[in-house]
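**Q**
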Amino acid sequence: MNEKPNFGFSELSGGRMLSPKEAALEIGLGEESLCIGVPRERSMQESRLSLTPDAVEILVNNGHEVVVETEAGKAAHFPDNLYSDAGAKIAYSEKEVFKSNLVLKVEPPTMREVEMLEQGATLISALQTTNVSKEYLSALKDRKVTALAYELIQDRVGGTPLVRAMSEIAGCSVVQIAGECLSGAGTGKGVLLGGITGVAPAKVVILGGGTVAEFASRAALGLGAEVKVFDNDIYKLRRLKNILGAPVSTSTLDTRALKATLACADVVIGAIKLEMGRDRYWVTEEMVAGMQPGTVIIDVSIDQGGCFETSRVTSHDNPYFYSHEILHYCVPNIPSRVGRTATRAISNILTPLLLKIGDRGGVDETIFSDKGFMSGVYSYKGCLTNSVLARRFNLQFKDLELLMAARF
884 MNEKPNFGFS ELSGGRMLSP KEAALEIGLG EESLCIGVPR ERSMQESRLS LTPDAVEILV
944 NNGHEVVVET EAGKAAHFPD NLYSDAGAKI AYSEKEVFKS NLVLKVEPPT MREVEMLEQG
1004 ATLISALQTT NVSKEYLSAL KDRKVTALAY ELIQDRVGGT PLVRAMSEIA GCSVVQIAGE
1064 CLSGAGTGKG VLLGGITGVA PAKVVILGGG TVAEFASRAA LGLGAEVKVF DNDIYKLRRL
1124 KNILGAPVST STLDTRALKA TLACADVVIG AIKLEMGRDR YWVTEEMVAG MQPGTVIIDV
1184 SIDQGGCFET SRVTSHDNPY FYSHEILHYC VPNIPSRVGR TATRAISNIL TPLLLKIGDR
1244 GGVDETIFSD KGFMSGVYSY KGCLTNSVLA RRFNLQFKDL ELLMAARF
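Residue numbering for the sequence shown follows this note's numbering, starting at 884 and increasing by one per position.
(1) Would you give the residue range spanned by the alpha helix (DSSP H) that Ile1180 belongs to?
(2) Go ahead and pull the three-state DSSP assignment for Thr1133.
(3) Look at Gly1188 and Ile1209 and say whether their C-beta atoms are less than 9 Å apart.
(4) Can you tell me the Cα-Cα spacing of Tyr1118 and Glu1192, whole angstroms?
(5) Mind checking who Tyr966 pairs with in its DSSP beta bridge?
(6) Compare the C-alpha of Arg1223 against each of Ser933, Val921 and Leu917 and name the closest.
(7) Between which two residues does the beta strand (DSSP E) containing Cys1213 stretch?
(8) By DSSP, does Cys1266 sit in helix, in strand, or in coil?
(9) Put Tyr1033 into one of helix, strand or coil per three-state DSSP.
(10) With H, G and I counted as helix, E and B as strand and the rest as coil, what does DSSP make of Ile1155?
(11) Need the endpoints of the beta strand (DSSP E) that Thr1234 sits in, please.
(12) Could you give the residue range of the alpha helix (DSSP H) that holds Thr1138?
(13) Tell me the DSSP secondary structure of Val997 in three-state form.
(14) Out of Leu1076, Ala974, Ile1126 and Asp1116, which one is the CA nearest neighbour of Gly1107?
(15) How would you call Asp1149, buried or exposed, if buried means at least 16 neighbouring beta carbons within 10 angstroms?
(16) Given Asp843, which residues of its chain have a CB within under 6 Å of its CB, disregarding the five upstream and five downstream residues?
(17) Between Lys1027 and Gly1093, what straight-line distance do the alpha-carbon atoms span, to the nearest angstrom?
(18) Could you say which of Asn1115, Ile1060 and Leu1145 lies nearest to Ala1103 if we only look at CA atoms?
(19) DSSP three-state call for Tyr1205: helix, strand or coil?
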């Protein structure tokens, strides 16, 4: 049998037709043809989805079937005809999409969506561990679902590529948001983020030294703002200074130094989550009350517990509220502001992963042979394989490596 070529982004077919194209290749020995379902995201203000039309074309050209629910890409400006031209089957029923043996979502599935999954199906989506319920895990068990979390899947060096991609987007976006809030009529101080000749720039304080901080610092410095980053990880702070090569100030999270810096800040970006077992927020209500009126707080970590005691979840429709005359922006899904960019980022990471699953003979073989992929599994055929979730809900934990070894 001829060896199957692995089509990439540079080898996309230029031909287009109105109906789905037939699979161009036969699946070779040891490989598996996947049926991939992409449902429309129904969470409030979620504009992202998991695959672009270009990614669908690559998957179809490699012998896989892709079922996309109608208008799944509408919010990201990917119309149905682009998916159909790429070879996808457009489903006009939500249930039809969930008949696929591998379902891709961005947001965690609802209980209703879990109940639509086929017995023994595979689900790849966000998990958002702080919002997981015991009922959700029980539903996965009842349907013997193998479930992987976006935020737990690792690359070959132990990084979490999907988390990093969304953090890069969030980091760039928060500086745009900060500029809007500062200069908005009747909302902020009327301060230009970067300043001009003879006028000092805005002071931006960032809590956390990770990816969000890196890209937020880069964007803020590029506009001419003054930036100071706080984190207790000296390695992260040193790495930031080396990467940025710019006059960014850094400090550990010393309460006295933080309080003094916040008192004269124009923008404060929270990108460090509340630590497990920590009973105090990094920024207390007293610290917030001590800031200058009109200062802007953007809590990127709101979906993980938040950085500020005064934070509460807001939405893209109503993103702001005031507490102690301080403007708060606490929208949990910031990357959804730029759904098309976020969709491309997610798709670029998932497409090679899906090709790998097919080439290696299915999900089980990929779990067994790829430690990074294995790290994303929290339910294997209904068995709970994440020890943190098992302890939280007092449920039985099964070691995934032992489960995989028992197959032979």
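Just so you know, even glycine gets a beta-carbon here, dropped at the ideal spot from N, CA and C. As the structure is a prediction and not an experimental result, all values here were calculated from the model.
**A** Taking the structure as given:
(1) Per DSSP, Ile1180 is not a residue of any alpha helix (DSSP H); the beta strand (DSSP E) it occupies stretches across Val1179 to Asp1182.
(2) Taken through DSSP and simplified to helix, strand or coil, Thr1133 comes out as strand.
(3) When the beta-carbon positions are compared, Gly1188 and Ile1209 stay at least 9 Å from each other.
(4) Approximately 27 Å between the Cα atoms of the pair.
(5) According to DSSP, which records beta bridges pairwise, Tyr966 is partnered with nothing at all.
(6) Nearest option by C-alpha distance: Ser933.
(7) Counting along the chain, Cys1213 falls outside any beta strand (DSSP E), and DSSP gives it neither H nor E.
(8) It is a strand residue.
(9) The answer is helix: DSSP assigns Tyr1033 an H, G or I state.
(10) Reduced to three states, the DSSP call for Ile1155 is coil.
(11) No beta strand (DSSP E) holds Thr1234; the alpha helix (DSSP H) holding it covers Gly1222 to Asp1242.
(12) Where Thr1138 is concerned, the enclosing alpha helix (DSSP H) stretches over Thr1138 to Leu1145.
(13) Look at Val997 here: in three-state DSSP terms it is helix.
(14) Ranking the options by Cα distance to Gly1107, first place goes to Leu1076.
(15) Asp1149 should be labelled buried.
(16) Residue 843 lies beyond the residue range present for the chain, which begins at 884 and ends at 1291; the question has no answer from this structure.
(17) In this structure, the CA atom of Lys1027 is about 36 Å from the CA atom of Gly1093.
(18) Selected option, being the one with the closest Cα: Ile1060.
(19) In this structure, DSSP gives Tyr1205 an extended state, which the three-state scheme calls strand.
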